[in-house]
Amino acid sequence: MASSLPPVQFSASRRAQLDSQCDDLLDRALRTHDKFHAASTLGGWQRVRRRNAMNVYRSRSLDDVEGPRVLLGSGIVPGTLEDALNGVYCDSTESLRVCKSLLSDKFVDGAVLRVFEANNLRAPIVFAGIKWFIMRGFAGTSGLLGDKDMLTYERMGRIKDRGGQYFAYHVLQSIDLPERPANRERGLQRVEVSWCYLYRQLSPDWLGVFLLGDLNMSTMVPPSITSFVCAERQETPPELDNRYDYSSSPTAEHVYNEENVYFEEESVESGPWTECLPNECSGNWTVVFDEDRQEYVRIRVPGMETEALGSSRVKTKPQVVCIDELD
16 MASSLPPVQF SASRRAQLDS QCDDLLDRAL RTHDKFHAAS TLGGWQRVRR RNAMNVYRSR
76 SLDDVEGPRV LLGSGIVPGT LEDALNGVYC DSTESLRVCK SLLSDKFVDG AVLRVFEANN
136 LRAPIVFAGI KWFIMRGFAG TSGLLGDKDM LTYERMGRIK DRGGQYFAYH VLQSIDLPER
196 PANRERGLQR VEVSWCYLYR QLSPDWLGVF LLGDLNMSTM VPPSITSFVC AERQETPPEL
256 DNRYDYSSSP TAEHVYNEEN VYFEEESVES GPWTECLPNE CSGNWTVVFD EDRQEYVRIR
316 VPGMETEALG SSRVKTKPQV VCIDELD
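Quick note, our numbering runs 15 ahead of the 1-based positions in the sequence shown.
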């Protein structure tokens, strides 16, 4: 299917227009990132999906009812900026097929239609080009939901925001091409996407991940979102434990928001916790994975010395615990 695609003609003015759209989306994502992580509550966002320490939210605004739904994602993952860029980098049809197949078992076919720039992973613009690919519908080709295809202008690179923070970014912007018109094949529906992924190095081993974009709710979530940060829809809130003090606190990225903070995983004998213990530079906050609730949370132990938190094992649970509630 991809081998039969005609050559793509693309003018310099058309590319400049798309670069301008990418710049606008990138600026919007950076501003939303700062506002979201500076807030003490979720405000106008409602969590709809989660996987481990990644959460996806949708806007509560009534303005989204008629048009595309605005989605936001935030969390932490292990890795480096190079890992993030290299994991989704593909500048040929062969590498695209390998990459998409690894990211999702719903990948059907695809092609890199045009490459404008392909540079090393530390360049300001790592990649710029046009890609097309098909993802299988949730019910399969013969089911209620047919296959979806996407035609996007994609740009990857590095940027420094107004506050001096370095980010890696990956922008996907849907485009129209006369060589590849939408919905021309039976059972294949074109999906419109406008997404920006931001990655920031929080420690040598951890990345802060942030994404912002518009989603047409009549179609689907882009595959890179479903494969990377989304999980089962949360139908009911978890039951809270009366023994602990559940209070509002900053969002997940704030857990690793300080430089030079290192964590090591350690199993705790006194309950269903997998604990990431901070070193002496981290203060009294500790990150844990609650196996009952299936999410990473942040706890604070009042009155405990930093040296005790830096020990290799905690024998008893604290009497008072503050746990992040992201809803």
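Even for Gly, the Cβ is constructed at its ideal location relative to N, Cα and C.
Exercise. Could you check if A54 is buried or exposed, using at least 16 other CB atoms within 10 Å of its CB as the buried criterion?
Key: The residue labelled residue 54 in the question sits at position 39 within the sequence shown. A54 comes out exposed.
Self-check item: Close Cβ partners of E123 (< 7 Å) along its chain, the five nearest in sequence each way excluded
Solution: Walking along the sequence shown from the start, residue 123 turns up at place 108. It should be pointed out that residue 123 corresponds to Val in this sequence rather than to Glu. Non-local beta-carbon contacts of V123 in its own chain, meaning distances under 7 Å to residues more than five positions away in sequence, involve I149, M150, R151 and D162 in chain order.
Exercise. With DSSP collapsed to three states, give me the class of E97.
Key: Position 82 of the sequence shown, counted from the first residue, corresponds to residue 97. Helix at E97.
Quiz item: Where do the N-terminal and C-terminal ends of the alpha helix (DSSP H) with V113 fall, by residue?
Solution: As a first step, residue 113 must be located in the sequence shown, where it is residue number 98. T108 to L118 is the extent of the alpha helix (DSSP H) around V113.
Quiz prompt | Nearest-angstrom Cβ-Cβ length linking A99 and A183, presumed shorter than 8 Å | solution = Counting from 1 along the sequence shown, the entry for residue 99 is found at position 84. Counting from 1 along the sequence shown, the entry for residue 183 is found at position 168. Between A99 and A183, the beta carbon gap of about 6 Å places them in contact (Cβ cut-off 8 Å).
Quiz item: So who's on the other strand from G102, going by DSSP bridges?
Solution: In the sequence shown, the residue the question calls residue 102 occupies position 87. Under the DSSP definition of a beta bridge, G102 lacks any partner.
Self-check item: For S89, the three-state DSSP class (helix, strand or coil)
Solution: On the sequence shown, residue 89 is found 74 positions in, with the first residue counted as 1. Here S89 sits in strand by DSSP.
Quiz item: Residues in its own chain within less than 6 Å of R215 by CB, not counting five upstream and five downstream?
Solution: One-based indexing of the sequence shown puts residue 215 at position 200. Same-chain partners within the cutoff: F182 and G223.
Quiz item: In or out: L117 buried (at least 16 other Cβ within 10 Å) or exposed?
Solution: Along the sequence shown, read from residue 1 onward, the residue named residue 117 stands at position 102. Exposed: under 16 other Cβ atoms inside 10 Å.
Quiz item: Whose C-beta lies closer than 8 Å to the C-beta of D42 among residues of the same chain, with five residues either side of it excluded?
Solution: By one-based count along the sequence shown, residue 42 stands at place 27. Counting only Cβ-Cβ distances below 8 Å, and skipping sequence neighbours, we find nothing.
Practice problem: Kindly give me the distance between the Cβ atoms of A197 and R170, rounded to whole angstroms, as I take these residues to be in contact under 8 Å. | Solution: Your numbering for residue 197 matches position 182 in the sequence shown. Your numbering for residue 170 matches position 155 in the sequence shown. At roughly 21 Å, the Cβ-Cβ gap does not stay under 8 Å, so A197 and R170 are not in contact.
Practice problem: Assign D164 to buried or exposed, taking buried as 16 or more other Cβ atoms, counted over all protein chains shown, within 10 Å of its Cβ. | Solution: Counting from one through the sequence shown, the residue named residue 164 turns up at place 149. Counting other Cβ atoms within 10 Å of its Cβ, D164 reaches 16 or more and is therefore classed as buried.
Quiz prompt | Rounded separation between L356 and A31 - CA only | solution = Coverage of the chain is limited to positions 16 through 342, which leaves residue 356 absent and any answer about it impossible.
Exercise. Give me the Cα-Cα distance between S74 and V85, rounded to the nearest whole angstrom.
Key: For the purposes of this step, residue 74 is taken as the residue at position 59 of the sequence shown. For the purposes of this step, residue 85 is taken as the residue at position 70 of the sequence shown. Those two C-alpha atoms are separated by around 6 Å.
Quiz item: What did DSSP end up calling R201 once you bin it into helix, strand or coil?
Solution: Mapped onto the sequence shown, residue 201 falls at position 186. If DSSP states are grouped into helix, strand and coil, R201 belongs with coil.
Quiz item: Helix, strand or coil: which one does DSSP assign to A183?
Solution: For the purposes of this step, residue 183 is identified with residue 168 of the sequence shown, where counting begins at 1. Of the three classes helix, strand and coil, the one that applies to A183 here is strand, per DSSP.
Exercise. Below 8 Å on the Cβ atoms is my guess for G94 versus F225; work out the distance and round it to an integer in Å.
Key: Position 79 of the sequence shown holds residue 94. Position 210 of the sequence shown holds residue 225. Actually they are not in contact, since the Cβ atoms of G94 and F225 sit about 14 Å apart, beyond 8 Å.
Quiz item: In the DSSP assignment, what residue or residues form a beta bridge with D162?
Solution: For the purposes of this step, residue 162 is identified with residue 147 of the sequence shown, where counting begins at 1. DSSP lists L203 as the beta-bridge partner residues of D162.
Quiz prompt | Start-to-end residues for the alpha helix (DSSP H) that takes in F51 | solution = Indexing the sequence shown from 1 puts residue 51 at position 36. Taken as a continuous stretch (DSSP letters only), the alpha helix (DSSP H) holding F51 covers A27 to A53.
Quiz item: Under 8 Å between the Cβ atoms of G172 and V141?
Solution: Numbered from its first residue, the sequence shown carries residue 172 at position 157. Numbered from its first residue, the sequence shown carries residue 141 at position 126. Yes.
Exercise. Identify, in the order they occur along the chain, each residue of the same chain with its Cβ nearer than 7 Å to the Cβ of C37, setting aside the five sequence neighbours on each side.
Key: Indexing the sequence shown from 1 puts residue 37 at position 22. So the list reads R170, V186 and Q188, once near-sequence residues are dropped.
Practice problem: Run through the stretch 116-154 for me and flag every whole beta strand (DSSP E) of 3 or more residues, listed as ranges in chain order. | Solution: Taking only runs of at least 3 residues, the beta strand (DSSP E) segments lying wholly in the stretch 116-154 are 122-133 and 140-150.
Quiz item: Considering only the beta carbon of each residue, do G125 and W147 sit closer than 8 Å?
Solution: Reading the sequence shown from its first residue, position 110 is the one you call residue 125. Reading the sequence shown from its first residue, position 132 is the one you call residue 147. Closer than 8 Å, so yes.
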